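K.L.:
Here it is, the structure, as C-alpha cells.
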Amino acid sequence: MGARELKDNTTVFAGVGAPMMASGLAQRMHAPGLTMVIEGGIVGPKWKPGSLPISTNEMRAAYRAQMLPGITDAFLLAQRGFLDVGFIGGAQIDRYGNLNTSAIGGSYDRPKVRLPGTGGANDIISLCRAVIILTVHEKRRFSETVDFITSPGWLTGGDSRRASGLLFGGVSRVVTTLGLFGFEPESRRMRLEALHPGVSVDDVKAATGFEVLVADQLTTTKPPSDEEFGILRMLDPARQFL
Amino acid sequence: MTISRREYDFQAARLRLEAKPKSAGEKLTTLDEAVARVKDGDSLAFGGCLFSRTPLALIRALLRRRPTGLTISRNLMCYEGEWCIVAGAVDKVVTSWMGIGLPWGLSKIVREYVESGRVPMEEWSHLALGLRFRAAAMGVPFLPSLTMLGSGLVDVGGSKTIDCPYTGQKLLAVPALFPDVAMLHVHRADRFGNCQIDGYPHMDADIAKAAATVLVTAEEIVPEEEIRLHPDRTVIPGFIVDALVHVPYGSYPHECYGLYDAEPEHFSVYVDGINQRGAAGVQDYLERYVYRPRTHADYLALFAEAALADASRRGRELVT
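The following block contains the structure:
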C-alpha cells in the first residue's frame with residue numbers, strides 16, 4: 000500500500016522494514032525513477048535481494064549506493080526540500096498524526112516505558128514534503144492523546160503546525176493494518192478513506208481510541224497483486240520483514 | 000532543561016584549543032596511554048553509529064580504568080552505552096536513539112536505568128545532534144534549523160527558538176556540543192594522525208573538530224606518502240589528533256566498512272544474558288570481554304580465528 004503512494008521521479012526517505020520494502024517494490028513496479036535516501040547517510044542504494052539490512056547504518060544498507068554523504072548531510076538534503084516523501088511509524092498516534100516513540104506513561108523523565116527515541120523520525124516528519132505513517136492498527140496505539148510528541152503531525156489541527164515554525168510538509172497518509180486514512184483539509188483530523196477487503200468501519204472504530212471520521216467516498220483498497228507479492232518475496236525470501 | 004553552558008560555550012572551547020599544542024609530530028601510543036587522558040566528569044563523544052565503526056577498543060580500555068561521572072553522546076547509541084551505564088561510568092546519555100536494532104527489541108538496560116531516573120537520557124533528533132556537533136566544529140554557539148519545532152523534544156533538551164533576523168521566521172537554535180574528548184575508530188592513518196575513513200563518514204569529522212581532545216584508533220597505520228598521494232581522502236588532519244593507536248579489528252564485533260561485517264549472533268548472546276539476568280548479564284559480559292582481557296590481542300583471542308576471517312570475508316563481499 001505504501002509502495003503505491005510513491006510516484007515515479009521522486010525521492011523518498013526510507014527506514015528499515017516496511018518502508019524499505021515499499022520503496023523497493025515501487026522501484027520495480029511503476030517508479031524506476033524513484034531515489035531512496037536512507038537515514039544512515041545514504042543516497043540511492045540498490046539492495047541485494049535476500050540480503051536486506053536490519054539497520055539503516057550497516058554496510059548492507061549502503062549496498063551499491065550512489066553516494067554516502069553522512070547522517071547530518073542526508074537530513075540537510077531533507078531540510079533543503081529535496082525529499083518528497085518520508086515514511087515513519089510510532090508506538091502511539093493521535094487524531095492529528097502526532098507520534099510518540101519516546102516514553103509511555105509516567106513523566107518524560109520517569110516514564111513507565113522508555114522507548115528507544117526519535118532517531119530520524121522527527122526530522123523526517125518535520126522536513127519532508129509529505130509523510131506516510133505505516134503502523135499496526137490497535138486501540139493502544141491509536142490514542143486520544145499521545146503521552147509525548149516525538150514527531151509532530153498536525154499538532155492540534157488547523158494551522159497549528161505552521162504556527163509552531165514547521166513551514167513545510169505534514170502527514171498526508173496513515174496506512175494501517177485495517178485501512179487507509181487521510182486528513183481533513185481544514186481541521187486536519189484523521190479521516191478514514193479506504194478499508195482493506197473484509198474490514199468494516201466498526202472494526203476500525205473498535206481499534207481506535209478517538210472518534211473515527213469517515214470520508215463520504217469510502218473505498219476498498221486493492222490487495223497486493225501476484226506480481227507485487229512475487230517482488231516482495233524475491234526481496235525478502237526469509238520473510239524477515241514481510 | 001538539561002543542557003549546560005559548558006556544552007555550548009564557544010569562547011571557552013576556543014580558548015582551550017588556543018592553549019593546546021597543534022602538533023604535526025608523532026601521535027602513536029598505546030590504548031592505555033590514550034584513555035588516560037579522559038578525566039572523571041568529562042563529556043565524551045563516540046564516533047561511528049549504532050554497530051558501525053564504534054571505537055570499541057578505546058571504550059573497553061576506558062572502562063578498565065573504572066571512570067565515573069561521564070556524559071556520553073552519540074546519535075545512535077548501541078550496547079557500548081549500556082556497558083558504560085552498567086559500569087557506573089555515566090551521569091548522562093545524549094542520543095537520538097538507543098538499542099541494538101529492531102530484531103533485539105527495546106533496551107532493557109535503558110528501561111531499567113532511565114525509567115527509575117538513575118541515568119537521564121537527553122533526546123535529540125539525528126539532524127539536531129548532528130548540528131550540535133557541526134556547530135561546535137564550526138566554532139559557533141548554535142546553528143539555526145527547521146527541525147524539531149512543535150515537538151516535545153524542544154522542551155526536554157532545553158533548546159531555544161529564535162526569530163530569523165532577516166525573514167522573521169521562527170527557527171530552532173540548535174546549541175553546539177563541545178565534548179571534552181572524542182573517541183573515534185578509522186580505517187587508516189599515518190603516524191602523525193592524518194585520518195582517512197572509507198564508507199560511512201557518520202559524524203566523526205565534526206566530532207573530531209568539536210572536541211578538546213581527540214583519541215583515534217586505526218585499522219592500519221600507513222606510510223606518510225600514502226596519505227600525501229590521496230590527501231582528498233583525509234577527513235581529520237593530524238594536528239587536531241592527540242593520540243593514535245594501531246588497533247586492527249578495533250570496532251569488532253561491530254562492523255568496519257569494507258573490512259569486516261558485524262556479528263549479529265554475538266549481539267543475540269549478549270541480549271540473552273540481559274533477558275536472563277538483567278544488568279547482571281551486562282556485568283558478566285564486561286567481566287569476560289572488557290575487564291579480564293589485558294590487551295587487545297587477549298580480547299581478540301576470545302573469538303575464534305575462523306569467526307574473524309568470516310567477518311572479513313562478509314565485509315569485503317559487500318564492497319566488491
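Protein chains in written order, with numbering that gives the first Met the number 0: chain A, 0 to 241; chain B, 0 to 319.
The beta-carbon is built from N, C-alpha and C at its ideal position, and this holds for glycine as well.
Owing to the predicted nature of the structure, the values given are computational and were not obtained by experimental measurement.
Taking a contact to mean a Cβ-Cβ separation below 8 Å, would you say Ile87 (chain A) touches Ser150 (chain A) in this structure?
P.N.:
The sequence position of residue 87 (chain A) within the first sequence is 88, counting from 1. The sequence position of residue 150 (chain A) within the first sequence is 151, counting from 1. Contact: yes.
K.L.:
Less than 8 Å between the CB atoms is what I'm expecting for Pro174 (chain B) and Arg131 (chain B), so what's the real figure, rounded?
P.N.:
Mapped onto the second sequence, residue 174 (chain B) falls at position 175. Mapped onto the second sequence, residue 131 (chain B) falls at position 132. Yes, Pro174 (chain B) and Arg131 (chain B) are in contact; Cβ-Cβ is about 6 Å, under 8 Å.
K.L.:
Buried or exposed: where does Tyr165 (chain B) fall if 16 or more other Cβ atoms within 10 Å of its Cβ makes it buried?
P.N.:
As a first step, residue 165 (chain B) is located in the second sequence; it is residue number 166 there, counting from the start. Under this definition Tyr165 (chain B) is an exposed residue.
K.L.:
Over what stretch of residues does the alpha helix (DSSP H) that includes Ser42 (chain B) continue unbroken?
P.N.:
Residue 42 (chain B) sits at position 43 when you count from the first residue of the second sequence. Taken as a continuous stretch (DSSP letters only), Ser42 (chain B) belongs to no alpha helix (DSSP H), being part of the beta strand (DSSP E) at Ser42 to Phe45.
K.L.:
Which chain A residues sit within Cβ distance under 8 Å of Met137 (chain B)?
P.N.:
Taking the first residue of the second sequence as 1, we reach residue 137 (chain B) at position 138. Residues of chain A passing the Cβ test: none, with the nearest at roughly 12 Å.
K.L.:
Just reading off the alpha helix (DSSP H) that Met35 (chain A) is part of, what are its end residues?
P.N.:
Position 36 of the first sequence, counted from the start, is the residue given in the question as residue 35 (chain A). No alpha helix (DSSP H) contains Met35 (chain A), which is instead part of the beta strand (DSSP E) from Thr34 to Ile37.
K.L.:
Just how far apart, CA to CA, sit Arg15 (chain B) and Gly85 (chain A)?
P.N.:
The count along the second sequence starts at 1 and reaches residue 15 (chain B) at position 16. The count along the first sequence starts at 1 and reaches residue 85 (chain A) at position 86. Rounded to whole angstroms, Arg15 (chain B) to Gly85 (chain A) spans 41 Å at the Cα level.
K.L.:
To be precise: take each residue of the stretch 71 to 89 of chain A, compare its Cβ to all Cβ atoms of chain B, and keep it if any distance is under 9 Å. Which residues remain?
P.N.:
Result list: Thr71, Asp72, Ala73, Phe74, Leu75, Ala77 and Gln78.
K.L.:
Helix, strand or coil for Ile92 (chain A)? Go by DSSP, reduced to three states.
P.N.:
Taking the first sequence and counting its residues from 1, one reaches residue 92 (chain A) at position 93. Note: Ile92 (chain A) maps to strand in three-state DSSP.
K.L.:
For Ala296 (chain B) and Ile103 (chain A), what's the separation of their Cα atoms in angstroms?
P.N.:
On the second sequence, residue 296 (chain B) is found 297 positions in, with the first residue counted as 1. On the first sequence, residue 103 (chain A) is found 104 positions in, with the first residue counted as 1. Rounded to the nearest angstrom, the two C-alpha atoms are 44 Å apart.
K.L.:
Are the stretch 33 to 53 of chain B and the stretch 172 to 187 of chain B touching by the rule of at least three beta carbon pairs closer than 8 Å?
P.N.:
At 8 Å Cβ cutoff, the stretches touch.
K.L.:
Within the same chain, show all residues whose beta-carbon is closer than 6 Å to that of Lys159 (chain B), passing over the 5 residues directly before and after it, in chain order.
P.N.:
For the purposes of this step, residue 159 (chain B) is identified with residue 160 of the second sequence, where counting begins at 1. Excluding positions up to five away in sequence, the list reads Ala172.
K.L.:
Looking at Leu98 (chain A) and Leu231 (chain A), is the spacing between their C-beta atoms short of 8 Å?
P.N.:
Taking the first sequence and counting its residues from 1, one reaches residue 231 (chain A) at position 232. Taking the first sequence and counting its residues from 1, one reaches residue 98 (chain A) at position 99. Taking 8 Å as the Cβ cut-off, Leu231 (chain A) and Leu98 (chain A) do not qualify as a contacting pair.
K.L.:
Between the alpha carbons of Glu218 (chain B) and Ile2 (chain B), how many angstroms are there, rounded?
P.N.:
As a first step, residue 218 (chain B) must be located in the second sequence, where it is residue number 219. As a first step, residue 2 (chain B) must be located in the second sequence, where it is residue number 3. Roughly 35 Å between the two C-alpha positions.
K.L.:
Does Tyr256 (chain B) have its Cβ less than 8 Å from a Cβ in chain A?
P.N.:
In the second sequence, residue 256 (chain B) corresponds to position 257, counting from 1. Chain A, which has a Cβ nearer than 8 Å to the Cβ of Tyr256 (chain B), makes this yes.
K.L.:
By the criterion of Cβ-Cβ separation under 8 Å, what are the contact partners of Trp96 (chain B) in chain A?
P.N.:
Translated into positions along the second sequence, residue 96 (chain B) becomes position 97. Within chain A, the residues near Trp96 (chain B) are Pro115, Gly116, Thr117 and Gly118.
K.L.:
Starting from Val15 (chain A), find everything on chain B with Cβ-Cβ shorter than 9 Å and list it in chain order.
P.N.:
Position 16 of the first sequence, counted from the first residue, corresponds to residue 15 (chain A). Near Val15 (chain A) (Cβ distances below 9 Å), the residues of chain B are Gly100 and Leu101.
K.L.:
Below 8 Å, how does it come out for the stretch 124 to 140 of chain A and the stretch 164 to 183 of chain A: are there three or more Cβ pairs, yes or no?
P.N.:
Yes, the stretch 124 to 140 of chain A is in contact with the stretch 164 to 183 of chain A.
K.L.:
Pick out whichever of B:Arg110, B:Glu316 and B:Glu254 has its Cα sitting closest to the Cα of Gly277 (chain B).
P.N.:
The residue you call residue 277 (chain B) lines up with position 278 of the second sequence. The option with the nearest alpha carbon to Gly277 (chain B) is B:Arg110.
K.L.:
Leaving out five residues before and five after Gly280 (chain B) in sequence, what residues of the same chain have Cβ atoms less than 7 Å from its Cβ?
P.N.:
Here the question's residue 280 (chain B) lines up with position 281 in the second sequence. Taken in chain order, the residues that qualify are Gly272 and Ile273.
K.L.:
Taking the straight line between their C-alpha atoms, what separation do you get for Asp8 (chain B) and Pro140 (chain B)?
P.N.:
Position 9 of the second sequence, counting from 1, holds the residue named residue 8 (chain B). Position 141 of the second sequence, counting from 1, holds the residue named residue 140 (chain B). Roughly 6 Å separates the two Cα atoms.
K.L.:
Three or more C-beta pairs closer than 8 Å, one from the stretch 70 to 86 of chain B and one from the stretch 97 to 107 of chain B: is that the case here?
P.N.:
Taking 8 Å as the limit for Cβ pairs, the verdict is that the stretch 97 to 107 of chain B does touch the stretch 70 to 86 of chain B.
K.L.:
Would you tell me roughly how many angstroms separate the C-alpha atoms of Arg73 (chain B) and Val318 (chain B), rounded to the nearest one?
P.N.:
Locating residue 73 (chain B) in the second sequence gives position 74, counting from the first residue. Locating residue 318 (chain B) in the second sequence gives position 319, counting from the first residue. Using only the alpha carbons, I get a separation of about 26 Å.
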